[in-house]
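Following: one structure in structure tokens, then a few remarks.
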DNA sequence: CTAGGGTTAG
């Protein structure tokens with residue numbers, strides 16, 4: 001074993017056998033023993049450390065009053081994770097100094113016993129009458145921030161001020177960490193303002209602190225100062241700066257930083273490669289993330305989870321699940337974040353079977369008790385249409401956070417369970433959980449479902465502000481939907497014109513949709529014109545407009561829309577529906593003839609339509625453009641993808657089983673009325689997830705109350 | 001002889 005000494009002399013060759021030569025008094029100078037012990041402590045070499053300790057005892061070099069050497073021994077044992085031994089030596093010291101205390105404290109801190117460190121400080125002051133120096137204070141402050149000891153930390157701050165050691169950089173940085181830990185960013189700014197001087201470490205502490213607490217402009221300030229001072233030097237700085245780019249979703253900036261990093265010659269390590277992957281993933285550049293993943297092949301759980309997350313964030317859900325299999329083959333053990341990403345990927349696919357398998361697994365491994373996993377499970381069940389499973393999970397959760405509440409509230413809203421959503425919101429307030437920006441989107445959606453206009457406005461104009469939240473575009477769009485659904489179209493339009501905000505396509509389409517449902521042709525045309533001005537190639541607008549023309553039987557309008565679509569060569573996404581039967585996903589395209597059982601499926605659809613005709617089903621030819629761009633054909637309706645999927649599921653599942661179908665577009669009017677009646681004649685629950693919401697068809701009606 | 005900053009979920 002080679003130990004390289006940091007002093008100017010030839011490297012020491014130290015091994016157990018060569019140490020036996022040291023068993024004579026002449027070789028063991030005190031100075032040499034200290035150097036040796038320091039080296040062994042730095043390397044965490046417990047085995048050799050013990051040998052040296054033993055030799056010191058045997059050779060009568062271990063005396064209780066050799067303070068420096070004993071401090072080295074305390075350091076050695078605590079650095080090797082042998083805290084009990086370190087404490088034992090400390091207890092037996094005849095003489096000790098402030099370094100003995102400092103070393104012991106560091107031992108407690110690094111071995112996770114953070115709460116013991118302030119107690120040691122108390123003992124040190126009261127028993128030995130020593131006043132803390134900069135070493136002691138920075139260690140105690142670090143212990144307080146690591147252990148979340150806010151109260152003790154504040155007391156230390158008082159000591160720091162008393163001693164005048166704030167101006168010591170180590171102490172200042174430890175204080176900054178403490179204030180960051182307690183989310184007191186104003187306190188951080190205060191310290192930065194009053195204490196001059198900053199190192200790379202200061203920059204990194206505050207950069208990460210600002211980032212974690214949403215102080216983005218302050219983080220950018222730090223970054224630009226680092227650039228101007230040329231101090232973007234080491235890996236940790238880059239990790240934090242990539243975090244900033246990821247947060248900003250600024251791909252250009254991220255690429256520039258990446259270039260700078262490459263030019264500076266810094267080599268990737270597992271932290272840095274994860275940070276770069278994460279940046280590319282969050283900035284929507286999945287290829288960049290994959291490139292980094294392959295260029296630094298020494299992966300751990302975190303870097304694996306990062307690449308899985310990058311795939312998930314870029315909607316490569318299947319790829320994320322596939323890569324997990326590779327991860328398992330490499331014997332990398334997943335953690336709670338890994339499971340959260342996987343469950344969210346299942347949610348993206350509505351892959352219930354896969355989600356359930358993962359659910360069983362996290363229950364078995366114990367990961368199910370982590371909030372991130374619980375949240376991901378709720379999301380997975382919500383998004384695969386099993387709102388009751390989500391409800392049960394929610395009520396069994398041991399600890400919940402804001403996200404948990406947001407998920408269940410918006411889950412209920414998307415499933416048309418407005419009452420449940422609002423009750424949950426009340427529960428959330430009763431549980432003293434702070435509602436967030438996202439919470440109110442779910443709440444306003446619920447108000448929309450229930451037609452509670454006044455209540456919605458109360459939340460928007462008063463309650464949100466009571467919680468210090470400024471309503472945003474999403475909330476205002478919910479209000480447009482709320483007014484529109486209640487048929488107050490002119491008010492909705494007035495609201496849009498009078499609210500000083502830049503409305504997006506989604507908001508205008510919400511109004512257009514309301515005009516469509518309420519057959520307000522005049523306003524609808526106006527809104528559609530505006531929408532087409534914003535985006536002349538927007539397929540969604542053409543479809544809604546055409547449906548509207550059809551509803552008021554303006555066939556010339558329908559024909560015009562089709563002509564426009566053809567002229568502008570606008571291709572519509574094909575309508576797809578899929579359903580999972582016994583862990584297998586079956587995909588259907590409208591007018592599908594690829595499926596091996598096409599003949600039987602079509603026969604089933606015809607039978608179902610014949611069965612519901614006596615209940616009042618009239619094929620609605622106007623909806624056709626929803627799924628095809630060609631001229632409408634007689635009988636074409638029968639082959640809409642969701643009808644095929646439902647028919648197939650009816651053929652292949654037991655008579656009591658609920659049916660779940662996922663669709664990539666909005667469900668069309670005709671399928672909607674057909675499925676309502678099919679749910680009645682077959683006595684089945686049919687849940688369809690379309691792009692916007694869930695439709696739960698049961699006994700002839702739908703949870704969306706025929707408005708979507 | 002003793003002290004500080006880094007990656008993954010929404």
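In UniProt numbering, the protein residues as written are 1 to 708.
No residue lacks a Cβ here, since even glycine has one placed at the ideal position from N, Cα and C.
| Query | Result |
| --- | --- |
| Pick helix, strand or coil for residue 131, following the three-state DSSP scheme. | coil |
| Figure out for me which residue from 59, 71, 64, 409 has the closest Cα to the Cα of residue 37. | 71 |
| Could you pull the start and end residues of the beta strand (DSSP E) that residue 663 belongs to? | 659–663 |
| Classify residue 582 as buried or exposed, calling it buried when 16 or more other Cβ atoms lie within 10 Å of its own Cβ. | exposed |
| Where residue 169 and residue 342 are concerned, what is the direct C-alpha to C-alpha distance, given to the nearest angstrom? | 43 Å |
| For residue 691, which of 577, 227, 594, 177 has the nearest alpha-carbon? | 577 |
| Figure out for me which residue from 210, 156, 158 has the closest Cα to the Cα of residue 180. | 210 |
| Quick check: residue 505 and residue 463, are their CB atoms within less than 9 Å of each other? | no |
| Grouping DSSP H, G and I as helix and E and B as strand, with all else coil, what is residue 90? | helix |
| Would you mind working out which of 573, 503, 520, 470 sits nearest residue 726, comparing C-alpha positions? | Residue 726 falls outside the range modelled here, since the chain spans only 1 to 708, and no answer is possible. |
| By the three-class DSSP mapping on this structure, what secondary structure does residue 242 have? | helix |
| In whole angstroms, what separates the C-alpha of residue 579 from that of residue 512? | 30 Å |
| With a CB to CB cut of under 8 Å and the five nearest residues on each side skipped, what residues in its chain are close to residue 260? | 232 |
| Could you work out which residue in 264, 100, 417 is closest to residue 382 when comparing CA atoms only? | 417 |
| Could you check the C-alpha separation between residue 49 and residue 99 for me, to the nearest Å? | 20 Å |
| Using C-beta distances below 6 Å, list every residue in its chain close to residue 719, excluding the 5 sequence neighbours before and after it, in chain order. | Coverage of the chain is limited to positions 1 through 708, which leaves residue 719 absent and any answer about it impossible. |
| Can you have a look at residue 555 and say buried or exposed, based on whether 16 or more other CB atoms are within 10 angstroms of its CB? | exposed |
| If we ignore side chains and look at the alpha-carbon of each, how far apart do residue 56 and residue 335 end up? | 44 Å |
| What is the DSSP secondary structure of residue 628, counted as helix, strand or coil? | Reliability of the predicted coordinates at residue 628 is poor, the pLDDT of 45 falling under 50, and the value obtained from them is presented with this limitation in mind. Residue 628 falls in the coil class under three-state DSSP. |
| How is the beta strand (DSSP E) around residue 509 delimited, first residue to last? | It is not in any beta strand (DSSP E) - residue 509 instead sits in the alpha helix (DSSP H) that spans 505–517. |
| How about residue 682 and residue 650: are their beta carbons less than 9 Å apart? | yes |
| Exposed or buried, what is residue 693 when buried is set at 16 or more other beta-carbons lying within 10 Å of its beta-carbon? | buried |
| Considering only the alpha carbon of each residue, which of 271, 456, 41 lies closest to residue 305? | 271 |
| Three or more C-beta pairs closer than 8 Å, one from the stretch 420–440 and one from the stretch 396–409: is that the case here? | yes |
| State the Cα-Cα distance for the pair residue 632 and residue 561, rounded to the nearest angstrom. | The predicted position of residue 632 is uncertain, since its pLDDT is 48 and thus under 50; a value taken from the coordinates is nonetheless stated next. Cα-Cα distance, rounded: 13 Å. |
| Would the beta-carbon of residue 117 fall within 9 Å of that of residue 95? | no |
| What are the complete alpha helix (DSSP H) segments, minimum 4 residues, inside the stretch 137–163? | 150–163 |
| Since residue 376 contacts residue 344 with CB under 8 Å, what's their CB separation in whole angstroms? | 5 Å |
| Taking the alpha-carbon positions, what's the residue 575 to residue 603 distance? | 20 Å |
| Have a look at the DSSP bridge pairing and note the partners of residue 686. | 659, 697 |
| Return the CA-CA distance between residue 634 and residue 569, expressed in angstroms with no decimal places. | Annotation note: pLDDT 48 at residue 634 (below 50); position unreliable, no value reported. |
| Just reading off the alpha helix (DSSP H) that residue 312 is part of, what are its end residues? | 301–313 |
| Going by DSSP, name the residue or residues bridged to residue 271. | DSSP lists no partner for residue 271. |
| Can you tell me the Cα-Cα spacing of residue 701 and residue 176, whole angstroms? | 59 Å |
| Just to confirm, are residue 292 and residue 273 a CB contact at a threshold of 9 Å? | yes |
| Could you tell me the boundaries of the beta strand (DSSP E) in which residue 598 lies? | Unbroken run through residue 598 is the alpha helix (DSSP H), 598–612; no beta strand (DSSP E). |
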